[in-house]
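Protein chains in written order, with full-length UniProt numbering: chain A, 1 to 343; chain B, 1 to 343; chain C, 1 to 343; chain D, 1 to 343. Cβ atoms here follow ideal geometry from the backbone N, Cα and C, with glycine treated the same way.
Protein chains: 4
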Amino acid sequence: MTRLTGIALLGAGRMGQVHAAAMAAAGARLVAVYDPVTRVADALASRTGAAVAPSAAAAIHHAGVDAVVIATSSDTHVELVIEAVNAGKPVLCEKPLASSLAATRRCIAAIGDQAARQVFLGFNRRFDRGHAGLREAVHAGDIGRLEQLTITSRDPLPPPLEYVPRSGGLFRDMMIHDFDMARGILRQELVSVTAHGSSIVDPEIGKLGDIDTASVTLLAEDGAIVTILNSRRCAFGFDQRIEAFGADGMVVSDNPRQSGLTRYRPGYPGTPAPILEFFMERYGESYAAEIRLFLDCAREGRDMPVNAYDGLMAAYLAEAATLSLKLGKTIHLTGPDQEFDHV
Amino acid sequence: MTRLTGIALLGAGRMGQVHAAAMAAAGARLVAVYDPVTRVADALASRTGAAVAPSAAAAIHHAGVDAVVIATSSDTHVELVIEAVNAGKPVLCEKPLASSLAATRRCIAAIGDQAARQVFLGFNRRFDRGHAGLREAVHAGDIGRLEQLTITSRDPLPPPLEYVPRSGGLFRDMMIHDFDMARGILRQELVSVTAHGSSIVDPEIGKLGDIDTASVTLLAEDGAIVTILNSRRCAFGFDQRIEAFGADGMVVSDNPRQSGLTRYRPGYPGTPAPILEFFMERYGESYAAEIRLFLDCAREGRDMPVNAYDGLMAAYLAEAATLSLKLGKTIHLTGPDQEFDHV
Amino acid sequence: MTRLTGIALLGAGRMGQVHAAAMAAAGARLVAVYDPVTRVADALASRTGAAVAPSAAAAIHHAGVDAVVIATSSDTHVELVIEAVNAGKPVLCEKPLASSLAATRRCIAAIGDQAARQVFLGFNRRFDRGHAGLREAVHAGDIGRLEQLTITSRDPLPPPLEYVPRSGGLFRDMMIHDFDMARGILRQELVSVTAHGSSIVDPEIGKLGDIDTASVTLLAEDGAIVTILNSRRCAFGFDQRIEAFGADGMVVSDNPRQSGLTRYRPGYPGTPAPILEFFMERYGESYAAEIRLFLDCAREGRDMPVNAYDGLMAAYLAEAATLSLKLGKTIHLTGPDQEFDHV
Amino acid sequence: MTRLTGIALLGAGRMGQVHAAAMAAAGARLVAVYDPVTRVADALASRTGAAVAPSAAAAIHHAGVDAVVIATSSDTHVELVIEAVNAGKPVLCEKPLASSLAATRRCIAAIGDQAARQVFLGFNRRFDRGHAGLREAVHAGDIGRLEQLTITSRDPLPPPLEYVPRSGGLFRDMMIHDFDMARGILRQELVSVTAHGSSIVDPEIGKLGDIDTASVTLLAEDGAIVTILNSRRCAFGFDQRIEAFGADGMVVSDNPRQSGLTRYRPGYPGTPAPILEFFMERYGESYAAEIRLFLDCAREGRDMPVNAYDGLMAAYLAEAATLSLKLGKTIHLTGPDQEFDHV
């Protein structure tokens, strides 16, 4: 069987352009592009030689399209995933799969279990070289049984205030990546979620009902403890680290540096180069790895390693954390298909 | 007023010997030593030229004794502190001040508020060079407002199983250091404690009713979030780190290395020297700094920077964490003089 | 004036393919490719959509070709540079410009002084992010007056033995990069060269009249001392470091790591990820930066920042080092246009 | 045989006080102290409980003196070493053994070969934890055959100008430590010395006929190449590093840090704690290790691991480097007992 390479891209905004660059780097070919704002689609098409499609459906069914990448606004994801699945095309959808936990459940029900496992969900951070190396080291048993997992994730700057009300809140909008990361490393059921949060970076965020500083503790079935620390602002860059501690050792994925340059000055005796600034610098490479893996799995008909069910579970954990913070209680997890006991 | 230097040491066991070495390094002089096991006192006296006293009281009142260091078994601390206070001698007492929160309250009541502030309590880790540097940096405003404080504290090996039942449990026996460290850095009231724990290092510890792996979240009055991670076993040494994250930056006290030696071999390309093995290697220096500070404060009649009230507060937090784990609930803090609401 | 982007590539072997990939990453377009081995040119053309030219001259004059990149075998460089210069096309030539110092002089004489300054010579390591950052820091005065410059350059493995006799020797084949690096950082005249060398990596290399381990000391006009260390074999990867020490501080360009992953195991307490393996991993990025700079300078008609005169000077230093080793003497430098005194 | 512990200290100035502190830390006892300036001897005696001796000879023969430590001015070393040797007491002499190469030869002739091997010469840097670890790793074969050894040694500040004329010059006064370090690591004959030097830190040093910036290349019998870099001034502290590169890997002794504290601020993203300031901070510990080793060897009647012959060889290398710089030539080494060919 030959390699799949012809891709339809739905959405040519910032994330769409990221995916377009990743395709080029991964050796895939952008065949058709659709964006509700024609000018945006045109611009990308002219740079890449892709055709501009008049509709998402037209892009999906365009000649030479082997696979579909969805990077439109979040509220259109479910509809487009269903369209692509019905067209029999492998699909990679930007996260989130749907705008709520209930909508995610409904999307999975609509496409069915098997298709759900074959929708690649864009948790690209799994494919960061350092984070992936950590996960592989844990799975290979390099640190023995995993006992404590600590994920630190801090953005350089808070989002614009006007975005806050429609973000769904920090747990759904930001920590969702870390919930997925924890699940990918742990590979076992989680039994409880306890959330703490504050609005100390910017009190305006608090007035809008959200938090900007958070800590969540997850307890795994076997007793392993996961700690996730988030902040919406970090003075020294994009702080993205994971520490996995186990019976036989520890493995840490630290912030890579912009270069190997180190400065020695009085008072600054050995200052390394800055860490990477934001997600494109830090995770840019991971998008290309994601596309490669997506196309490989699609070609072989395998389940996607990160699929709609992972989207469901991450949404479920975000929901539970939101509830925990609201109630000031630990939430015991009974599965994404059931209502929460505590409400 | 001349510098105080003549010291009576009560207890010549392991901790007593640590203090004796620290005195020598600090330029203080061991004048009298008492230990219920005469052979142990004799051994230390013969190495240092100190007199062996027939009783604790005799040591306290021995000629040339300016100050008293208590390193006897925990259950004798209250009685000896009272004896030394009554003798008008400045006293440094190994932690814990008393064997329970209630006993700590009673001890403070017995000696009175002013004396309580002049009993130096041996939370020596505060004087570790890296940890002290972090605290000073935070207090100096180097990182702006403190938002997230993360303390990792892992012992190389669990204590002997027979010690577990009389240890008071991980929170009172081990995390007590970290509670004190958090308070020293934060300098503000804490409003809640949430504890999680597992027994995954050694199930036998679980059978004895204790845990060996723990995570505690403390919420400060202003919204800062403290996370403390403990493990009773660490494969690569004595893991003792603090990370203080604030509005303007971050400061980290990492594990120092045994030397500046780094090895490059295929597969191990740049392996630094090991971290320090256990508390004597890591915190040995801090005991000498502690003694120096104790004698300086005593000479000037100042309140001790770490005193009986700090012992009370650390005991209170340990009590709250123990209760939080037992109940599976967040404990809201109302002060060490009141009973917990949730019991 | 519009940006130049259409490129003719002469030579489609390993280095040609490196340049082709760099062009794509830099946003330039490969228009025509020539290689004496047609199969090799065909393969690259089919991957990139470029036309295959029947001769180097045909490629240079192909429609849409704005600039020429030469990556053929070293003995053809002079002829092709002259051809491209005569065609009025900006040219980037892989190092070395010519096979000997005398041939380099003749090439420059043939094209004339002005053209010589507009031939970009492919000392790509200058554009490595860390090395370039070090150079800029030194030029910006960050370390004050430069006093000691130390360049360490070690290959993972020696070249095949059959390559050794036609390599020109370690100084001309390998250290030539470091001579150029030193000149780019120093920006002043060098007054002497003293070389030491051994054949201890592989005695067979010694039997062929070459060395595999070398140290060269260069003295600059103002007294700054440059030390270059080379080895043909390095057990832990491609060791490429620079240390610039000055009156006010030091700046070091260290080996970057494959990722931010660090492992803690008993005996390996904090082992970072491996360094990059060889030149494509370490310097891959620098080729794209080189192409971008070449096209920018060409468009603006500026002298190339690394040009035929830099090739001449590096060849001159390599010649002097070779002579110094042979004679066991320091060689005093009088300029690349004069014969060496000591022969 | 019991452990030797009673020590006579000749010279109670700065170095004498360093040795006195080292004795205490090593568990040895200062019995008698002599200094031509009585006040200085008195001060040290009153702090330590030692007796003040009216002369060096009286100190050497004082009751309870098992061993002699010489820390008087350099011009008295020979005479005092002979006195101590004649008294049959083991002796540790501060470097240099004598004020010139010829005087060193005469001293060894005077005491004889066997005694010369039992005079411990105070090259204390050999006992620095990092440097000693490097030496042991090399000797244990951890890096395979040693091929390149690079020693960097930079003082924080130049000595007072008035000291320069009587210092003997940088090679004899400062690099002598590095010559000894190189010999201790290499354990084989050196065949040539090539020196380069400049006066760019302070031109006044140049006017006094000395240099402040130097590079020396030593060639070992088996082809290993040693590079020593010295500077009289370092803006960021006391820069003391060694890099040993071999067939199977590399081991580096880097500057230890004052603590494990690291600061992250915009522009200074991960600045470690300062390196140690000068020799007492960096090498303080090594003096205690030196005394311990001296007493152990003396008790067992073993040859000292660093003895008068090591002093002779270091002086010989310093002499050769001085001559190399003067003549601008490589000096071929024929042994410390012969005149140099090139003069």
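* So what's M174/A in DSSP terms, helix, strand or just coil? -> Position 174 of the first sequence, counted from the start, is the residue given in the question as residue 174/A. Residue state, collapsed to three classes: coil.
* Straight-line gap, H61/A to A67/A (C-alpha atoms, nearest Å) -> One-based indexing of the first sequence puts residue 61/A at position 61. One-based indexing of the first sequence puts residue 67/A at position 67. If you take the alpha carbons of H61/A and A67/A, they lie about 10 Å apart.
* **Closest Cα partner of T72/B within the set G13/B, E204/B and L121/B** => Residue numbering aside, residue 72/B sits at position 72 when the second sequence is read from its first letter. With distances taken between Cα atoms, T72/B lies closest to G13/B.
* Asked: Tell me, which residues are paired with A214/A by DSSP?
  -> Residue mapping note: residue 214/A aligns to position 214 of the first sequence, counting from 1. According to DSSP, which records beta bridges pairwise, A214/A is partnered with G197/A and N230/A.
* Asked: Closest to M304/D by CA distance: which of R126/D, A24/D and D75/D is it?
  -> Against the fourth sequence, residue 304/D aligns to sequence position 304. Comparing Cα positions, the closest option is R126/D.
* To do: Kindly list the residues whose CB is nearer than 6 Å to the CB of T334/A, restricted to its own chain and excluding five residues on each side of it in sequence; keep chain order.
  => The sequence position of residue 334/A within the first sequence is 334, counting from 1. Around T334/A: no qualifying Cβ.
* Asked: Any C-beta of chain C sitting closer than 7 Å to the C-beta of D155/A?
  -> Indexing the first sequence from 1 puts residue 155/A at position 155. Chain C, which has no Cβ nearer than 7 Å to the Cβ of D155/A, makes this no.
* Alpha carbon to alpha carbon, what distance is there between A87/B and A110/B? -> Position 110 of the second sequence, counted from the first residue, corresponds to residue 110/B. Position 87 of the second sequence, counted from the first residue, corresponds to residue 87/B. Their Cα atoms are separated by approximately 14 Å.
* Asked: What are the start and end residues of the beta strand (DSSP E) that includes E7/B?
  -> Looking up residue 7/B in the second sequence gives position 7. Strictly speaking, residue 7/B in this sequence is Ile, with Glu absent from that position. Looking at the DSSP string, the run of the beta strand (DSSP E) that includes I7/B is G6 to L10.
* Asked: For Y287/A, which residues of its own chain have a beta-carbon under 7 Å away from its beta-carbon, when the five flanking residues on both sides are left out?
  -> Along the first sequence, one-based indexing puts residue 287/A at 287. V18, H19, A22 and N124.
* Asked: So with Cβ pairs under 7 Å, would you call A8/D a contact of chain A?
  -> By one-based count along the fourth sequence, residue 8/D stands at place 8. Not an interface residue.
* To do: Would you verify that the beta carbon of I275/A is, or is not, closer than 7 Å to some beta carbon of chain D?
  => Translated into positions along the first sequence, residue 275/A becomes position 275. Chain D contact via Cβ: present.
* To do: With DSSP collapsed to three states, give me the class of S167/B.
  => Position 167 of the second sequence, counted from the first residue, corresponds to residue 167/B. Correct three-state label for S167/B: coil.
* To do: Taking G27/B as the reference, give the member of E147/B, R187/B and L293/B with the closest Cα.
  => Taking the second sequence and counting its residues from 1, one reaches residue 27/B at position 27. Out of E147/B, R187/B and L293/B, L293/B has the C-alpha closest to the C-alpha of G27/B.
* To do: Note down, in chain order, every chain D residue with its Cβ under 7 Å from the Cβ of M250/C.
  => Counting from 1 along the third sequence, the entry for residue 250/C is found at position 250. Result: F236.
* Asked: Comparing the C-beta of S324/B with each C-beta of chain A, is any distance below 7 Å?
  -> On the second sequence, position 324 is the one that residue 324/B refers to. No, its Cβ sits nowhere closer than 7 Å to a Cβ of chain A.
* For P251/B, does the three-state DSSP call read helix, strand or coil? -> Along the second sequence, one-based indexing puts residue 251/B at 251. Going by the sequence as given, residue 251/B is Val instead of Pro. Strand.
* **P203/C versus D142/D - alpha carbon distance** => Locating residue 203/C in the third sequence gives position 203, where the first residue counts as 1. Locating residue 142/D in the fourth sequence gives position 142, where the first residue counts as 1. Cα-Cα distance, rounded: 22 Å.
* **Option in R232/A, L186/A and H332/A with minimal Cα separation from L157/A** => Locating residue 157/A in the first sequence gives position 157, where the first residue counts as 1. Nearest C-alpha to L157/A: R232/A.
* Could you tell me whether any Cβ in chain B is nearer than 7 Å to the Cβ of G168/C? => Walking along the third sequence from the start, residue 168/C turns up at place 168. Closer than 7 Å: no.
* Beta-carbon contacts of V40/A that lie in its chain and below 6 Å, excluding the five residues immediately before and after -> Within the first sequence, numbered from 1, the residue matching residue 40/A stands at position 40. The residues are A12.
* Give me the Cα-Cα distance between L146/C and Q188/B, rounded to the nearest whole angstrom. => Taking the first residue of the third sequence as 1, we reach residue 146/C at position 146. Taking the first residue of the second sequence as 1, we reach residue 188/B at position 188. Between L146/C and Q188/B, the C-alpha separation is close to 49 Å.
* Beta-carbon proximity list for Q258/C, same chain, < 7 Å, skipping 5 on both sides -> Taking the first residue of the third sequence as 1, we reach residue 258/C at position 258. Closer than 7 Å at Cβ, skipping near neighbours: A273, P274 and L276.
* Interface residues of chain B around G133/D at Cβ under 8 Å? -> Position 133 of the fourth sequence holds residue 133/D. Near G133/D (Cβ distances below 8 Å), the residues of chain B are S259, L261 and A273.
* Are the C-beta atoms of P203/C and some chain B residue less than 7 Å apart? -> Reading the third sequence from its first residue, position 203 is the one you call residue 203/C. Taking Cβ atoms only, chain B never reaches closer than 7 Å to P203/C, which makes this a no.
* Asked: Would a check of beta-carbon distances place D254/D closer than 7 Å to chain B?
  -> Translated into the one-based positions of the fourth sequence, residue 254/D becomes position 254. It does: the Cβ of D254/D has a partner Cβ on chain B nearer than 7 Å.
* To do: Return the CA-CA distance between G249/D and H131/D, expressed in angstroms with no decimal places.
  => Here residue 249/D refers to the residue found at position 249 of the fourth sequence. Here residue 131/D refers to the residue found at position 131 of the fourth sequence. Those two C-alpha atoms are separated by around 17 Å.
* **Integer Cβ distance of G168/B from L261/D, believed to fall under 8 Å** => Sequence index remark: in the second sequence, residue 168/B carries index 168 (1-based). Sequence index remark: in the fourth sequence, residue 261/D carries index 261 (1-based). Not confirmed; about 32 Å, so no contact.
* Cross-chain neighbours of L219/B in chain A, by beta carbon under 7 Å -> The sequence position of residue 219/B within the second sequence is 219, counting from 1. In chain order: H196.
* Assign residue 363/C to buried or exposed, taking buried as 16 or more other Cβ atoms, counted over all protein chains shown, within 10 Å of its Cβ. => An answer regarding residue 363/C cannot be provided, because it is not within the stretch 1 to 343 covered by chain C.
* Since I believe V69/D is in contact with L10/D (beta carbons under 8 Å), could you give me their beta-carbon distance rounded to a whole number of angstroms? => As a position in the fourth sequence, residue 10/D is number 10, starting the count at 1. As a position in the fourth sequence, residue 69/D is number 69, starting the count at 1. With 8 Å as the limit, L10/D and V69/D qualify as a contact, their Cβ atoms being about 7 Å apart.
* **S192/B and H332/B closer than 7 Å at C-beta** => Against the second sequence, residue 192/B aligns to sequence position 192. Against the second sequence, residue 332/B aligns to sequence position 332. Yes; because the gap between Cβ atoms is below 7 Å, this pair is in contact.
* Asked: Can a CB atom of chain D be found closer than 7 Å to the CB of V343/C?
  -> In the third sequence, the residue the question calls residue 343/C occupies position 343. Because V343/C carries a pLDDT of 47, less than 50, the predicted location of this residue cannot be relied on, and the following value inherits that uncertainty. No, because no Cβ of chain D sits closer than 7 Å to the Cβ of V343/C.
* Asked: S324/D to A195/D, Cα distance in whole Å?
  -> As a first step, residue 324/D is located in the fourth sequence; it is residue number 324 there, counting from the start. As a first step, residue 195/D is located in the fourth sequence; it is residue number 195 there, counting from the start. Between S324/D and A195/D, the C-alpha separation is close to 6 Å.
* Answer with yes or no whether the minimum CB distance from Q188/A to chain B is below 7 Å. => Numbered from its first residue, the first sequence carries residue 188/A at position 188. False, the Cβ-Cβ gap to chain B never drops below 7 Å.
* **Nearest neighbour of T152/C, chosen from L161/C, A43/C, R166/C and M174/C [CA to CA]** => Position 152 of the third sequence holds residue 152/C. Considering only alpha carbons, the answer is M174/C.
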